[in-house]
Amino acid sequence: MLRSVPFTFCLFLLTMAADAQDFNTVFEKTNGAQTATYAQVMDFYQKLVKVTPTLKMQRMGLTDSGEPLHLILHSPDKDFDLASLRRKNRRILLINNGIHPGEPDGIDASMLLLRDLATGKLKLPANLILAVVPCYNIDGLLNRSPYSRVNQNGPLDYGFRANARNYDLNRDFTKSDTRNARAFAELFHTVDPDVFVDTHVSNGADYQHVMTLIASQPDKLGGAMGKFYREMFEPFLFKDMERKGFPMIPYVTNFGPKLAEEGMEGFVDTPRYSTGYAALFQTFGFMPETHMLKPYAQRVQATYQLLLTFLDFTSRESILIGRLRRQAREAVKTQTEFALGWQKDPLRYDQIPFRGYAAAYRPSEVSGQPRLYYDRNQPFTQTIRYFNYFLPTNVVRKPAAYLIPQGWWNVIDLLKLNGVVLQRLSTDTTVSVEVTRIDDYKSAPRPFEGHHLNFDVKTSVTTQAVQFRKGDYLIPTNRAANRYLVEMLEPTGSDSFFAWNFFDAILQQKEGFSDYVFEDVAANFLAKNPALKAELEQKRRADPAFAKSGRAQLDWVFRRSPWYEKEHLRYPVFRVLNVELAK
Ligand SMILES: [Zn+2]
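Numbered according to the numbering used here, the sequence shown spans residues -18 to 564.
Right, dumping it as structure tokens:
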């Protein structure tokens, strides 16, 4: 039921007959009313792969569902060895589907795409490899019903957003609470995609556009890749989709009815999200979001067309995309400063065409109160302001290396999973390092994705000689993984390991004192440290409440004494400035 695609350049139509076997999908057989179940998806691909020499499906790691993640590769020259394909300078486009299985558009569009490639209806240019995750959140796809997305116009039944343990996988890319995320990290680094597309369906306001698009925020993506995205990649995508009858708009971040007047801003895709994760590893990342109120068939068709547009551009600019990524990976090895926060530049914006519907209010039949509605009989096109220029905040200077005691194996495991090469100290060693102290932080009172996130983190740094043991981990920062390292290991990063509670144990003091015992110890200690005693007296004079509290004063002395544990609030990732050690 998809219309024929007039491919430009590399993607062109062939008139080969389809294979005798029936490869019509559930989506096609039901005229776009239904999406495939997990069993139907796997059955379809198993049969398709069996009769298609250019296709290979492989099992990856387990997901929380108990089922393994699968990866499908379409390789025109039947070479499925990813190292070999990289040597041949092929560009790899990875499509991830069903991260939110209530949004199955990409699951069905990818089935059609791989089928059309398999049957010869489409031909993939020789410089491309297509990699597809049929369904990432298998757990969620198995949890099927017609209810979980009340604001969505079809299909009849669909999966649920969260996975088997109720995690949202599109917040789990770096903290990796789920087996899904761990299996995905392995898959991502095995494939090392040049372009990564994670398919979704939107929520929010009503408007005419069928397709909206989130891309790695170009300023955050940075350097020559960010410039290339703005100047070449993005204009091609929007122009090509307009040509195909699906004019896109960037993901609509302004959910209210005043979008046309207020404009909207770009989405800052921090590393917890798929595209933010991809950006850490110099991959162009995209989250297409079809509009939830459009009929399912139309959404799948738009997704199919956008996937073809991605393939087309990646093939056309194959050499340049490859070169930009190689250069970015070289540049990041010697990059010294990294931005961990971004804020909108309020003075810079682009003017983009927005095709909306007039919004108005009428009395609600439920509450009698005014309710918002969109009048589809009043479509309009208006130029709106799109604020997608972001300025760096919280710029961090990288150390020559990080040192992590081996006890923090949970963090070490994730670093390894993400391809970070670690060295181990060969002997017990005392090293002069920058020690970061957590001076202040806030924690969310209620859990978000299983965590009471830490934020507004304030730190101070001192240089100290710290004893490390044989086997502790040294991570030099002359690596292509630098961006991932700094984002995850600097405690002020918004999606850092510290933010996601990996180091919360250091926030609690383990040993204290009994007042009556410490009284005499403290008195002796002050007698031997007259400067400290003078400081205590000065604080008493300045702070009447402090002067009246015996406990507060004892605690003040305790924290300045050798009996106070050094581990409390001491961030256990140490910054090595000595370049020689880090080599
Ligand atoms: Zn989604």
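Every residue gets a Cβ at the ideal spot worked out from N, C-alpha and C, and that includes glycine.
Leaving out five residues before and five after D453 in sequence, what residues of the same chain have Cβ atoms less than 6 Å from its Cβ? P386, Q387 and L406
Using CA coordinates, which residue listed in L74, G42, P49 and C116 is at the minimum distance from H55? L74
Does DSSP classify A17 as helix, strand or coil? coil
Alpha carbon to alpha carbon, how far is Q489 from A480? Give it in angstroms, no decimals. 16 Å
Measuring only from the beta carbon, is I80 closer than 8 Å to any heavy atom that is part of ligand 1? Yes.
I need the boundaries of the alpha helix (DSSP H) containing Q308, first residue and last residue. S299 to T315
Pairing CB atoms from the segment 364 to 376 with CB atoms from the segment 312 to 322, are three or more of them under 8 Å? yes
If contacts are defined as beta-carbon pairs under 8 Å, then T473 and V438 qualify, I think. What distance do you get, rounded to the angstrom? 5 Å
Rank S348, A523 and Q286 by C-alpha distance to the C-alpha of T271 and give the top, closest one. Q286
Following a CB-centred definition, is V467 positioned closer than 8 Å to any heavy atom of ligand 1? The answer is no for V467.
Buried or exposed: which applies to I53, given that a residue is buried once 16 or more other Cβ atoms fall within 10 Å of its Cβ? buried
Taking just the CA atoms, how far does S424 sit from F209? 38 Å
Hey, is E548 close to ligand 1, as in C-beta under 8 Å from one of its heavy atoms? no
Buried or exposed for N369, please, with buried defined as at least 16 other CB atoms from any protein chain shown within 10 angstroms of its CB. buried
Can you list the beta strand (DSSP E) stretches of 3 or more residues lying completely in the segment 434 to 493, in chain order? 435 to 449 and 454 to 457
Taking all protein chains shown into account, do 16 or more other C-beta atoms lie within 10 angstroms of the C-beta of K547, making it buried, or fewer, making it exposed? Counting Cβ neighbours within 10 Å, K547 comes out exposed, since fewer than 16 surround it.
Helix, strand or coil for R551, going by three-state DSSP, please let me know. strand
Go to N391, then tell me how far its alpha helix (DSSP H) extends in each direction, as first and last residue. W390 to L398
Taking the Cβ atom as the reference point for each residue, do V414 and V447 lie within a distance shorter than 9 Å? yes
Kindly indicate which residue of L122, Y139, M245 and L455 has the alpha-carbon position closest to the one of N186. Correcting the residue identity first, residue 186 is Ala in this sequence and not Asn. It is M245 whose Cα lies nearest to the Cα of A186.
Using only the heavy atoms of ligand 1, determine whether one of them is closer than 8 Å to the beta carbon of H272. Checking the Cβ of H272 against ligand 1 gives no.
Does the segment 155 to 170 come close enough to the segment 31 to 44 that 3 or more CB-CB pairs lie under 8 Å? yes
Can you list, in chain order, the residues of its chain whose CB lies under 7 Å from that of T(-4), leaving out five sequence neighbours each side? At T(-4), the pLDDT of 37 sits below 50, so the modelled position is not reliable; the number obtained from the coordinates is stated separately. Nothing meets the Cβ criterion.
In terms of residue numbering, what span does the beta strand (DSSP E) encompassing N375 cover? F371 to R378
Reference T234, options Y258, L194 and G207, closest by Cα: L194
Taking C-beta to C-beta, are F483 and W389 nearer than 9 Å? At a Cβ-Cβ threshold of 9 Å, F483 and W389 count as neighbours.
Report yes if the C-beta of R142 is less than 8 Å from at least one heavy atom of ligand 1; otherwise report no. Flag set: Cβ of R142 near ligand 1.
Would you call the CB atoms of P269 and G247 closer than 9 Å? no
Hey, is E242 close to ligand 2, as in C-beta under 8 Å from one of its heavy atoms? What this structure holds is ligand 1, not ligand 2.
How is the alpha helix (DSSP H) around H574 delimited, first residue to last? An answer regarding residue 574 cannot be provided, because it is not within the stretch -18 to 564 covered by the chain.
Taking 8 Å as the cut-off, is the beta-carbon of V182 closer than that to any non-hydrogen atom of ligand 1? Flag set: Cβ of V182 near ligand 1.
Would you decide whether Y552 is buried or exposed? Buried here means 16 or more other CB atoms lie within 10 Å of its CB. buried
Own chain residues within Cβ distance below 6 Å of A(-1), not counting five before or after: Its pLDDT being 45, under 50, A(-1) is placed unreliably by the model, and nothing is read from it.
Selection from A205, T290, P238 and G400 that minimises the alpha carbon distance to R460: With distances taken between Cα atoms, R460 lies closest to G400.
Does ligand 1 have a heavy atom nearer than 8 Å to the CB of E215? no
Measuring straight from C-alpha to C-alpha, what distance separates S91 and Y277? 14 Å
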